[in-house]
Amino acid sequence: MHSDERRLVRHLAWVVVIKLLALGGLWWGLVREQRTSPDADAAARHLAATAPLPTPGDSR
1 MHSDERRLVR HLAWVVVIKL LALGGLWWGL VREQRTSPDA DAAARHLAAT APLPTPGDSR
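In this text, residue positions in the sequence shown follow UniProt numbering: the first is 1, and each later residue adds one.
So, in structure tokens, the structure goes:
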């Protein structure tokens, strides 16, 4: 492996580490304390719901 390739690999490894640390920090600061209690009835309604059918003139 040439020195340029090693430098690139080292640089990319640092970028990945920094991104993982940033994601972990965001999770720690914003998501960690969020708690939800699963509701079986609400989950069943959500899973049983169907998406509305598009109308003929709908351009979505």
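The beta carbon of each residue, even a glycine, is placed where N, CA and C say it ideally should be.
Look at the UniProt region "Disordered" (39 to 60) and you find these whole runs of alpha helix (DSSP H), each 4 residues long or longer: 40 to 48. Spanning the alpha carbons of V9 and V15 requires a straight line of approximately 10 Å. Taking the CA atoms as reference points, L26 sits about 20 Å from A13. Assignment of S37 by DSSP, reduced to helix, strand and coil, places it in the coil class.
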